[in-house]
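So in the working numbering, the last spot in the sequence shown is 232, and the numbers never skip.
Have a look at the structure below, then the notes.
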Amino acid sequence: MEHETVLPNWKNTRRNLNLNEIRARLKTDNQTLGRRSNEEAEDPDYDTNNRNDWENGTKPLIPAAVLVALIVRNDGIKVLLTKRSSNLKHHAGQISFPGGRVDSQDESSQHTALREIHEEVGIHPNNIKIIGELDEYIVGTGFLVKPFIGIIKPPIKFVKQEQEVAEIFEVPLDFLIAPNNFSLYSKKFNGIPRKHFAITWKNYFIWGATAGMLKNLSQRLHRV
């Protein structure tokens, strides 16, 4: 796998956004929400397997939702991420937001995201305040993913769903939305060159749909 940019050492040169600023920017930018194609110049491929069949409508997309959980810590706002179990059918071992497919009993995709974070890491929906959304993503495994953004205030007690989640960890929001921290990688899938964003935090390599959603979040929060 080739990469086109070198990830620099992180140094936060921007003033950290507070919760009120984050809410305001997400509220203003929600007017432009849409569905992202992986072929867009600012949103390259991040996971693909006959992806065009889903994008051109010849195969039905599977609705799914994730929660971009922002945790308010004393030393700043953190983003909750998980490392998926190596035994899962889809995206095994990858870094992801809590989430999953929309079930028939779910009232909405937002309900799905809240249900999934409760099941995966033990955070009850009553402790989460939804403050915004990101663009929908078509993922190469055939899922149409709707990301929601929620605020969580401590105290928090994580309860890991062992069958699905290998690790639970937090990353500073400021690191994950710093534009210069994203790299652009090129990789061949079925002989076809594809591109995807990636970002590295310590020993965690975050790529694919998760990195693409973080890139979208970065663009929304830095847009003025």
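Glycine included, each C-beta is placed from N, C-alpha and C at the ideal position.
Computed from a predicted model, the values in this text were never measured in an experiment.
What residue range does the alpha helix (DSSP H) around residue i cover?
i      : result
ALA217 : 216-230
ILE125 : 117-129
PHE183 : 181-184
For residue i, which of the options has the nearest alpha-carbon?
i      : options                        : result
LEU181 : SER93, LYS165, LYS168, TRP209  : TRP209
ASN211 : MET221, ILE103, ARG228         : ILE103
ARG228 : LEU152, LEU89, ARG92, LEU34    : LEU34
PRO68  : ALA217, GLY148, ALA121, GLU178 : GLY148
GLY220 : GLY199, ASN24, PRO155          : PRO155
LYS86  : GLU178, ILE207, PHE190, ASN188 : GLU178
ALA217 : GLY150, ASN134, ASN28, ASN26   : GLY150
GLU144 : ASN24, PRO71, ALA32, LEU25     : PRO71
PRO106 : ILE200, ASN224, PHE166, ARG31  : PHE166
Hey, residue i and residue j: beta-carbon distance below 7 Å or not?
i      : j      : result
GLU124 : GLY101 : no
LYS168 : ILE160 : no
PHE190 : ILE207 : yes
SER226 : PRO162 : no
LEU184 : LEU222 : yes
Over what stretch of residues does the beta strand (DSSP E) that includes residue i continue unbroken?
i      : result
ALA206 : 200-209
PHE156 : 151-160
LEU75  : 70-81
LYS86  : 84-92
ILE136 : 136-141
GLY107 : 107-109
GLU144 : 144-146
* To do: Could you tell me whether the segment 123-141 touches the segment 76-92, using the rule of 3 or more Cβ pairs below 8 Å?
  => yes
* Given 8 Å as the limit, is there contact between the segment 128-138 and the segment 165-180, that is, 3 or more CB pairs closer than that? -> yes
* Asked: Are the segment 106-124 and the segment 188-201 touching by the rule of at least three beta carbon pairs closer than 8 Å?
  -> no
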